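Below is one structure, written out as structure tokens, with a few remarks after it.
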Amino acid sequence: MALVAFNAAMVAYAGVQVKQASDILVRTEGTNTLANMILSIFALNPSATPYHASKPYEIAVLALMVIFASGFAVIAYKLYKEFGWSIYKKIGADLAMRDMYKIYQIFIMILKFDIFFQLGFSAQFISVIVLAYNSTIDEDKGGPTPAAQVAFRNVLIIHLVLSVGACIVLPVLAWRGLKRESKYSMAAFICGGVGTLVYNIIKLNQVFVDPERFAGANKFLTFFLILNLLLGVVTLYLAWQCTKNFNNGLNAHIGKVSGTNIYPMESVSGPSKRWSIE
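Numbering (the working numbering), first residue to last: 532 to 809.
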């Protein structure tokens, strides 16, 4: 199910890419940019605009992604129905324990999504601010002012620190909290998650207020920021639910029964045999 959701997000991103590419090419139409030079090679009609020249290829890529994602979803659903028995063997017939285990697994899945999409936003945001800073150097023969240099450095450092925290520190805290059932680690994770949400809201507001500053990537950034906000809210809710389930025996159930654990059992009249629960 995680891969199905990821494929759906990538299909949505491909749709956003079609619109963003059209905006970029319209803004640079008639200029001698690398994008226009590449597109001119594949243009069926030399008189067509760059966007019309590339449109068939972009639509074809989007259509293929939809087809393959749909096929994968059908296969994944059939596999998903087979996993119920595996969960039963691992957790047992206790419905409450099975619900806690599902929340545990979904939380781990959402954490992986958080890392991927936060990194996606971080990489694009850094590219935008670096390109904007370089453009000021080209336009101003005297170079950027000391104030501009300090502002650029501060924005870059703050973003890198928060990105490292959101993509490395917070997942480690969450993983430690789950494995040790540590409420302190989960509390630190939730506080950090709230801080990440606030930071993403600030950046989303900047994209909406000053779209020219992020021209060429505003739709990409908006897509990733909105997705990060939605994932962040879901992550915080699941983190709270997992914390409430601590000390209810879930870790004992997860560690007690696994396909790799082998338990020796003595027979009545023969040598000891080894049994495994698959």
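Just so you know, even glycine gets a beta-carbon here, dropped at the ideal spot from N, CA and C. The structure presented is a predicted model; accordingly, all values stated were derived computationally and were not measured.
#1: When you compare the region 683 to 693 with the region 628 to 636, are there three or more beta-carbon pairs, one atom per stretch, that lie closer than 8 Å?
#2: Can you give the Cα-Cα distance for T562 and Q551, rounded to whole angstroms?
#3: Could you tell me whether the Cβ atoms of L704 and S716 are closer together than 8 Å?
#4: DSSP state of S713, grouped into three classes?
#5: Quick one: residues in its chain with C-beta nearer than 8 Å to the C-beta of A533, no 5 flanking neighbours on either side, listed in chain order?
#6: Are K710 and F777 close, meaning C-beta to C-beta below 8 Å?
#7: For V547, I'd like the list of residues in its chain whose CB is within less than 6 Å of its CB, leaving aside the five on either flank, ordered along the chain.
#8: Since R684 is in the alpha helix (DSSP H), which residue starts that stretch and which ends it?
#9: Helix, strand or coil for M532, going by three-state DSSP, please let me know.
#10: Count the other CB atoms, across all protein chains shown, that sit within 10 Å of the CB of S653; report buried if there are 16 or more and exposed otherwise.
Considering the structure as presented:
#1: no
#2: Stepping through the sequence shown from its first residue, residue 562 is reached at position 31. Stepping through the sequence shown from its first residue, residue 551 is reached at position 20. Note that T562 scores a pLDDT of 47, beneath 50, so its modelled location is shaky; the value from the coordinates is reported in the next line. For T562 and Q551, the distance between alpha carbons rounds to 18 Å.
#3: Locating residue 704 in the sequence shown gives position 173, where the first residue counts as 1. Locating residue 716 in the sequence shown gives position 185, where the first residue counts as 1. A contact, by the Cβ cut-off of 8 Å.
#4: Position 182 of the sequence shown, counting from 1, holds the residue named residue 713. S713: coil per DSSP, three-state reduction.
#5: Locating residue 533 in the sequence shown gives position 2, counting from the first residue. Answer for A533: M640, K643 and F644, listed in chain order.
#6: By 1-based counting over the sequence shown, the position of residue 710 is 179. By 1-based counting over the sequence shown, the position of residue 777 is 246. Not closer than 8 Å, so no.
#7: For the purposes of this step, residue 547 is identified with residue 16 of the sequence shown, where counting begins at 1. Result list for V547: K750 and F754, in chain order.
#8: Here residue 684 corresponds to residue number 153 of the sequence shown, with the count starting at 1. It spans P677 to V695 - the alpha helix (DSSP H) in which R684 sits, taken as one unbroken run.
#9: Here residue 532 refers to the residue found at position 1 when the sequence shown is read from its first residue. Here M532 sits in coil by DSSP.
#10: The residue given as residue 653 occupies position 122 in the sequence shown. Label assigned to S653: buried.
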